[in-house]
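Trainee: Below you'll find the structure I mean.
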Amino acid sequence: MSLVSSLSNARAGMAATQARAQTASANIANVSTPGYVRRETDLSQSGPTGVTVTGSSRIQDNIVVQTRRDAQSQSARSDLIDTVLTRTLSAFGSPGSSNGVFGAFTQFESDLQTLKSTPESAASQSITVDSLKDLTSALSDASEALQSERTQADASIASDIKFANQLAANIYDLNSDITSAKANGRDTSPLLDQRDSLLDQLSLMIPVDVKHLETGAVSVRTSTGLNLVGATVNKIEFTPSARVGPIDTTSADGGRLSIPTIDGRPIAPGSGPHAVTEGRIAANLDLRDSVLPQQAAMLDNFAYDLAASLEALGEPLLLDNGAPIDALNKIGLSQRLGVNPLIDPTHGGSPSRLRDGLAATTPGAPSDDTRLSALADALSPFSTQLATVVSDVSSDALRAQRIHTGNVAREITLIEVDSQLSGVDLDYELQSLLAIEQAYTANARVIQTISDMFDTLARI
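Sequential numbering from 1 applies to the sequence shown in UniProt numbering.
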């Protein structure tokens, strides 16, 4: 090898070490930058001139990234379900608690027992009527809380879909920028970081499968195969509702609630082969159309059974907006149930009719507890029924919590695996800088040595 070739190799080596130093310093500078993927300098042997810098590569395992996104999509769903079910549980109350429906029922049952022991007490009569009114208020509040959660779920579906559509449009634009930059030999790493960040955010809304193309672009589909980003962008279509009421169902069931679609294909859970089951959008759809309506139905059934049991005694103490209850009109009954005005002094009634009967026009025998005993006996099974309802709601909340805990653990594990593969390791980068410094010094020494040799030749 000639001195000229040796000098060329050394200079190429210095250029390579400079590029490596630049890459390492960039990695160190971005150690805390969200979404930054570690880079390595790409080198190739260049014939007699030694080495050539061909660019830089992002160190990333696409399979690990896809698996991590799937886990994050699952966690996004379970987080929402867990949060909402924890809130609705408080509306139902729990055994031993003075709050919610259970607490109100327990108080009414206790006050009725007290009145049964002292049927002549006007104060106990009024207290018992008030506690029955409190029970109907608790039922109404719980029902309203469930419908409020459904309304919020519908609004969240709309906002998440709007966000997902914007993310898809931005990914499409970045595809064009990356394809152009790659074709012109420019560094695409910053653009790839941006696109990965958008894909991460999109996967929280809806589970996606990402395919990397040779051009540098990506195609994005839902986990069930519907195209979101490709040659074009396909929007998720959805029409929000201002308010969701007890009787509202989806358009698939003849109702007015919108179902999201892509290319006209429904994606709501249970809607067909393209239904998605993970991510925030699927979670809110499940809450709006399945989970919360089931809880509302349990509440309405309890309200109906309680009112029907009292009515069977010939004492319709509870009415549906002032009218007799109807087995064909249970939906939303919890919100409509009210105390019969005949026992409500605020509506001209008399609490003494709890003792004497609704048809009484004059006070009966002060010590007569016949009707009160019958009412107390009729209430007895409902403590167990309500406890079962609360137990079911509580079990659902605990199950959601366990699922979310498991999903988060898996998500954290995969984030750590991804970070180990693609994140910046300061110790590694600092060691690399030491090796780069040594290589740079060695190449500089080669250049100095060859320069001295040329000087020697020049003096001959």
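Even for Gly, the Cβ is constructed at its ideal location relative to N, Cα and C.
#1: To which residues of the same chain is L3 closer than 8 Å at the C-beta, ignoring the five residues directly before and after it?
#2: Can you give, in chain order, each stretch of the alpha helix (DSSP H) that sits fully within the segment 263-339 and has at least 4 residues?
#3: As a quick exercise: from Q201, G279 and S143, pick the residue whose alpha carbon is nearest that of P246.
#4: Which of the three DSSP states, helix, strand or coil, is assigned to L358?
#5: Pick from D196, T23, T151 and A15: whose alpha carbon is nearest that of L426?
#6: Between E109 and L379, how many whole angstroms is the CB-CB distance? I'm expecting something under 8 Å.
#7: What does DSSP give as the partner residues of Q438 in its beta bridges?
#8: Grab the span of the alpha helix (DSSP H) containing D42 for me, first residue to last.
#9: Using three-state DSSP, classify I28 as helix, strand or coil.
#10: Between M14 and A444, which are expected to be in contact by the criterion C-beta below 8 Å, what is the C-beta distance as a whole number of angstroms?
#11: Return the bridge partner residues of R221 from the DSSP annotation.
#12: Do you know whose CA, among Q401, D286 and E429, lies nearest A26's CA?
#13: Taking only the alpha-carbon atoms, compute the straight-line gap between I161 and A155 and give it to the nearest angstrom.
#14: Along the chain, where does the beta strand (DSSP E) that runs through S251 open and close?
#15: Which same chain residues, not among the five before or five after D79, have their C-beta less than 7 Å away from its C-beta?
#16: Check whether the segment 112-132 and the segment 343-359 touch, using three or more Cβ-Cβ pairs below 8 Å as the test.
#17: Between which residues of its own chain and L364 is the CB-CB distance below 7 Å, once the five residues before and five after are set aside?
#18: Out of L457, S422 and T456, which has the shortest C-alpha to C-alpha gap to N30?
#19: Do you know how far the Cα of S124 is from the Cα of A158?
#20: Could you spell out where the alpha helix (DSSP H) holding R58 opens and where it closes?
#21: Near I59, which residues of its chain fall below 8 Å by C-beta distance, leaving aside the five closest residues on each side in sequence?
#22: Helix, strand or coil, according to DSSP, for E144 in the structure here?
#23: Please report the distance separating the alpha-carbon of T222 from that of T277.
#24: On a CA-only basis, which of L204, T17 and P366 is nearest F437? Give me that one, please.
#25: State the Cα-Cα distance for the pair S6 and D200, rounded to the nearest angstrom.
#26: To the nearest angstrom, how far is it from the Cα of V64 to the Cα of S44?
Mentor: On the basis of the supplied data:
#1: Numbered from 1 along the sequence shown, position 3 holds the residue referred to as residue 3. I450, M453 and F454.
#2: 279-286, 292-312 and 333-336
#3: Along the sequence shown, read from residue 1 onward, the residue named residue 246 stands at position 246. Taking only the C-alpha atoms, the option nearest P246 is S143.
#4: What you label residue 358 is simply residue 358 of the sequence shown in a count that begins at 1. In the structure shown, L358 sits in coil (DSSP, three-state: anything other than H, G, I, E or B).
#5: Numbered from 1 along the sequence shown, position 426 holds the residue referred to as residue 426. L426 has its Cα closest to that of T23, out of D196, T23, T151 and A15.
#6: In the sequence shown, the residue the question calls residue 109 occupies position 109. In the sequence shown, the residue the question calls residue 379 occupies position 379. With 8 Å as the limit, E109 and L379 qualify as a contact, their Cβ atoms being about 6 Å apart.
#7: Taking the sequence shown and counting its residues from 1, one reaches residue 438 at position 438. Answer is none; Q438 lacks a bridge partner.
#8: Taking the sequence shown and counting its residues from 1, one reaches residue 42 at position 42. Where D42 is concerned, there is no enclosing alpha helix (DSSP H), although the beta strand (DSSP E) it sits in stretches over R39 to Q45.
#9: Along the sequence shown, one-based indexing puts residue 28 at 28. In the structure shown, I28 sits in a helix (DSSP, three-state: H, G or I).
#10: The residue given as residue 14 occupies position 14 in the sequence shown. The residue given as residue 444 occupies position 444 in the sequence shown. Yes, M14 and A444 are in contact; Cβ-Cβ is about 7 Å, under 8 Å.
#11: Counting from 1 along the sequence shown, the entry for residue 221 is found at position 221. Answer is D209 and N227.
#12: As a position in the sequence shown, residue 26 is number 26, starting the count at 1. For A26, the nearest C-alpha among the options comes from E429.
#13: The sequence position of residue 161 within the sequence shown is 161, counting from 1. The sequence position of residue 155 within the sequence shown is 155, counting from 1. Near 10 Å, if we compare the C-alpha coordinates of A155 and I161.
#14: Within the sequence shown, the letter at position 251 stands for residue 251. Where S251 is concerned, there is no enclosing beta strand (DSSP E), given that its DSSP letter is neither H nor E.
#15: As a position in the sequence shown, residue 79 is number 79, starting the count at 1. Counting only Cβ-Cβ distances below 7 Å, and skipping sequence neighbours, we find H404.
#16: yes
#17: If you number the sequence shown from 1, residue 364 lands on position 364. For the sequence presented, residue 364 should be read as Gly rather than Leu. Around G364: R355 and D356.
#18: Counting from one through the sequence shown, the residue named residue 30 turns up at place 30. Minimum Cα distance to N30 is reached at S422.
#19: For this step, residue 158 is matched to residue 158 along the sequence shown. For this step, residue 124 is matched to residue 124 along the sequence shown. Each residue's Cα considered, the two are about 51 Å apart.
#20: If you number the sequence shown from 1, residue 58 lands on position 58. Segment V51 to R58 is the beta strand (DSSP E) holding R58; no alpha helix (DSSP H) there.
#21: If you number the sequence shown from 1, residue 59 lands on position 59. Around I59: V37, R38, R39, E40, L421 and S422.
#22: Mapped onto the sequence shown, residue 144 falls at position 144. Correct three-state label for E144: helix.
#23: Along the sequence shown, one-based indexing puts residue 222 at 222. Along the sequence shown, one-based indexing puts residue 277 at 277. Looking at the two C-alpha atoms, the distance is approximately 11 Å.
#24: Working through the sequence shown from its first residue, we reach residue 437 at position 437. As written in the sequence, residue 437 is Glu, which differs from the Phe given in the question. Out of L204, T17 and P366, T17 has the C-alpha closest to the C-alpha of E437.
#25: Residue numbering aside, residue 6 sits at position 6 when the sequence shown is read from its first letter. Residue numbering aside, residue 200 sits at position 200 when the sequence shown is read from its first letter. Taking the straight line from one Cα to the other gives about 48 Å.
#26: For the purposes of this step, residue 64 is identified with residue 64 of the sequence shown, where counting begins at 1. For the purposes of this step, residue 44 is identified with residue 44 of the sequence shown, where counting begins at 1. Cα to Cα, V64 sits roughly 27 Å from S44.
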